[in-house]
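Below is one structure, written out as C-alpha cells; comments come after it.
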Amino acid sequence: MSSILTNNSSMVALETLRNINRNLESVQNEISTGKKVASAKDNASVWAISTVMSTDAASFEQISSSLNKGSATVGVARASSEQITSLLQDMKNLIVDAQQDLNDSDRAKIQKDVAAIRSTITNIVNGAQMNGQNLLKGTDDLKVLASLDRDGTGAVAPAFINVSRVDLQATAAVDEAAKEATDAGYVSSADTITATDVDKVSTEGGFLSTAASTSIPTSSSITVDVKGGAIAAGDKFTVSVGGSDFTVTATSGQTINDIAAALKTEIDGGSIADLTVTVTDATDPADGTDKAVLTLANGNASSTIAFDESKLNATNSVSQLADTESVDVTLAGGTIATGDTFTVNVDNTDYTYTALEGDTVNDVAAGIKSLLDDASITNLAVTVTDATDPTSDAATINIAADGGTVEVNLGGLASTNAAVAAGGLGALADIDVSDSAGATAALTSIETLLNKAITAATTFGSAQKQIEGQTEFVQNLVDSMKSGIGAMVDADIEAASAKLQALQVQQQLGVQALSIANSAPQTLLSLFR
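Following the UniProt record's numbering, the numbering of the sequence shown begins with 1 at its first residue and continues without gaps.
Structure representation (C-alpha cells):
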C-alpha cells in the first residue's frame, strides 16, 4: 500500500545509510589513528589491558636506563679492581726481589717503588666512581633496579640486583680521639653543678660489702667484696681501716678490678702497721654475679687493727639541677666531620648524637635536643640557640630543671672524632721491605691483599654479567610487550582499506536508494493529474 503520510521505503533507506556512515566513520578512524582500539569506548577491556601494558613497557624502558647506568658503575669498579690486581702483582714482584740479601741502598729503592704503587692504588680507588657511586669504598650494597614484578592482583613490587661493595682502600685504621677545645663541635660548659652523692644499692656494679666487723682480728683477715657490673666515671668507693678513710674515685673505662687495685694502692700508702692487702680479680668484671675481693690481713698476733664497717661505702656521683636551675652546654663553631659524636649525660644516661654528612653545630644541637625530648625525662626542659654562623659561632643547648630536680652530669660531656676503620687494603701501609724481616712479612701480606683484589674483580665481573643479562632480557621483554599491545589495538590497514572501499560503494548505493524512496510521493501525485 502506498501512502502520502508514511514513506517506509525512505525510512528503511535512511536507517541503512546511517549504519553505513557509522561504519565508515569507524573505519576512517582506524585508518587515521592506526588503531582499532584508540579509546575506552572502542573496547573497554582491551583498552584497559593495553594501557596497563603500555605503562609497564614505558617503565621497563626506564629500567633499561637504570640497568645501563648500573652496568657502567660496576664496569668502572671491575676495571679498577683488575688494574689494582695488576699493580699488586707488580708490588709482589718487588717484594720477591727484596727476599735477596741486599744492601740498605737497594732496599730503599725497592721500598720507594712499593710506596709509589701504594699511592697509585689509592688514586685509582678514589677515582673509581661513576656519577658519585664508588664501589671500592664503604660497605653498603649498590641496589640496581632490575624489574617491576606484577602479581595476579595487579600489585607491583620493584626487584633489585644487589652489588656488594668491596673496600679496596689502602688507608690505615685511625682510632677515635677526643676532640680538643680548639676543634669544631667541642662540647663544653661554663656552668658548674653541685654534686650530690647517692649511695649505691646492692644490685649495682661496684657495691661494697663485707661481713660486719669493727676490727681485723689478730693473725687473721677480713674481705671486702666489690660487686661485678658497670662502673661510672665519678663513682666513689670508701674503705675505713686503721682509723683512716681511703677513697677512690672511678675514672672513665675502669672496672671493679681497677677499683680494687686502686683501693689497695691507697691503703698501702697509709702504711698501717702489720696490715697486708691483697686483691683477687673478678674473672668477668662486667658480670653482676662475679666480684673482685680485697683481703685485709692482720699480721700481728697480739693486737687488732681497727676496721669501721659502717663507713664502707660506694656512691654514684650525681650532678643535680634544682628546680628552675639550668646549665648551658656550648658546641664550638666550625666544620663538623661525618661520624663525629657528641654526648651529654642526663638522668644518669648518655645521649650521643652522631653527625651526618653536611651537619653543622646547629644540626648537632638540634639532634641532641631531639634525643633528650624523645627520652621524656621528668622535669627536663631543653632549648637550643642556633649559631648565627655555624662555621665560626657556637650553638648553645640550655638544659633546665622545670618542676623538680634533674640529674645532669657535666663530666659526661664529650665529643669525639669518628674512628676510621682500616681500608680493605689497609695492610699496604705496613709493607716495608727496608730490612729482611719486613720483606719476609710483606711476602705473606701481599698474598692476602692480592687475593682480596682478585676476589673484588671477580665479584664485580659476575655482577656486571648479571646486569647485562638482565638488560638484554628487559629489552626483549619491552619488544614483546609492544608486539602484544599492537596485536590487541593496532588496525589491520589492509583489511580497513578494503572495508573502506566497500563502505564507500554502499554509501553511494544508500544515497541512491534514499533518493528513489524520497521520489515515491512524487509518483503518487501523478495519479491526480
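From the three backbone atoms N, C-alpha and C, an ideal C-beta is built for every residue, glycine too.
What you are looking at is a predicted structure, and each value in this text was computed from that prediction instead of being measured.
Give me, in chain order, the residues of the same chain whose beta-carbon lies closer than 8 Å to that of residue i; leave out the 5 immediate sequence neighbours on both sides.
i, result
"residue 29", "38"
"residue 251", "233"
"residue 202", "209 and 227"
"residue 576", "As shown, the chain starts at 1 and ends at 529. That puts residue 576 outside it, with no answer to give."
Please work out which residues of its chain come closer than 7 Å, Cβ to Cβ, to residue i, disregarding the five sequence neighbours upstream and downstream, and give them in chain order.
i, result
"residue 412", "343, 344, 345 and 350"
"residue 532", "Absent from the model: residue 532. The displayed extent of the chain is 1 to 529, so no value can be given."
"residue 261", "279"
"residue 134", "128"
"residue 91", "114, 117 and 446"
"residue 175", "419"
"residue 559", "No information on residue 559 is available, as it lies outside the stretch 1 to 529 that the chain covers here."
"residue 287", "228"
"residue 366", "384"
So which of the options has the shortest CA-CA distance to residue i?
i, options, result
"residue 339", "421, 392 and 271", "421"
"residue 457", "26, 80, 302 and 5", "80"
"residue 304", "219, 363 and 364", "219"
"residue 348", "198, 122 and 8", "198"
"residue 388", "368, 428, 357 and 332", "332"
"residue 193", "163, 141, 323 and 454", "323"
"residue 8", "527, 528 and 519", "519"
"residue 296", "169, 276 and 217", "276"
"residue 391", "45, 514, 362 and 215", "362"
"residue 423", "384, 371 and 125", "125"
"residue 60", "386, 477 and 514", "477"
"residue 454", "84, 386 and 53", "84"
"residue 12", "58, 524, 515 and 504", "515"
"residue 408", "471, 189, 384 and 245", "189"
"residue 103", "487, 444 and 435", "435"
"residue 386", "256, 377, 374 and 369", "369"
Can you list, in chain order, the residues of its chain with a C-beta nearer than 6 Å to that of residue i? Leave out the 5 residues immediately preceding and following it.
i, result
"residue 438", "432"
"residue 178", "416"
"residue 183", "none"
Can residue i and residue j be called in contact, C-beta distance under 8 Å?
i, j, result
"residue 401", "residue 325", "yes"
"residue 414", "residue 187", "yes"
"residue 336", "residue 185", "yes"
"residue 467", "residue 70", "yes"
"residue 307", "residue 226", "no"
"residue 236", "residue 247", "yes"
"residue 571", "residue 299", "The requested residue 571 is not part of the displayed model; the chain covers only 1 to 529."
"residue 475", "residue 65", "no"
"residue 74", "residue 460", "yes"
"residue 32", "residue 485", "no"
"residue 327", "residue 410", "yes"
"residue 312", "residue 239", "yes"
"residue 496", "residue 35", "no"
"residue 20", "residue 522", "no"
"residue 146", "residue 159", "yes"
"residue 428", "residue 170", "yes"
"residue 470", "residue 161", "yes"
"residue 396", "residue 330", "yes"
"residue 301", "residue 291", "no"
Does DSSP put residue i in a helix, in a strand, or in coil?
i, result
"residue 533", "This structure gives no information on residue 533, because the portion of the chain shown stretches from 1 to 529."
"residue 158", "strand"
"residue 434", "coil"
"residue 197", "strand"
"residue 338", "coil"
"residue 207", "coil"
"residue 294", "strand"
"residue 501", "helix"
"residue 125", "helix"
"residue 46", "helix"
"residue 328", "strand"
"residue 440", "helix"
"residue 321", "strand"
"residue 350", "strand"
"residue 530", "Missing from the structure shown is residue 530; the chain here goes from 1 to 529 and no further."
"residue 514", "helix"
"residue 526", "helix"
"residue 422", "coil"
"residue 302", "coil"
"residue 188", "strand"
"residue 427", "helix"
"residue 509", "helix"
"residue 170", "coil"
For the ligand ADP, I want to know if residue i counts as a neighbour, meaning its beta carbon is within less than 7 Å of at least one of the ligand's heavy atoms.
i, result
"residue 279", "No copy of the ligand ADP appears in this structure; indeed no ligand is present at all."
Requested in this report: Give, in chain order, every unbroken run of the alpha helix (DSSP H) that is at least 4 residues long and sits entirely within the stretch 442-489.
Outcome: List check, alpha helix (DSSP H) in window: nothing returned.
Requested in this report: Within the stretch 353-418, note down every full beta strand (DSSP E) run reaching 3 residues or more, in order along the chain.
Outcome: List check, beta strand (DSSP E) in window: 380-385, 395-401 and 406-417.
Requested in this report: Identify every run of the alpha helix (DSSP H) within the stretch 220-300, keeping only runs that are complete inside it and at least 4 residues long; order them along the chain.
Outcome: Considered as a whole, the stretch 220-300 harbours 256-269 as its complete alpha helix (DSSP H) runs of no fewer than 4 residues, in chain order.
Report task. With a floor of 4 residues, list each alpha helix (DSSP H) that falls wholly inside the UniProt domain "Flagellin N-terminal" (4-139), ordered by position along the chain. Result -> Taking 4 residues as the shortest admissible run, the UniProt domain "Flagellin N-terminal" (4-139) contains the following complete alpha helix (DSSP H) segments, listed from N- to C-terminal end: 8-33, 44-97 and 104-127.
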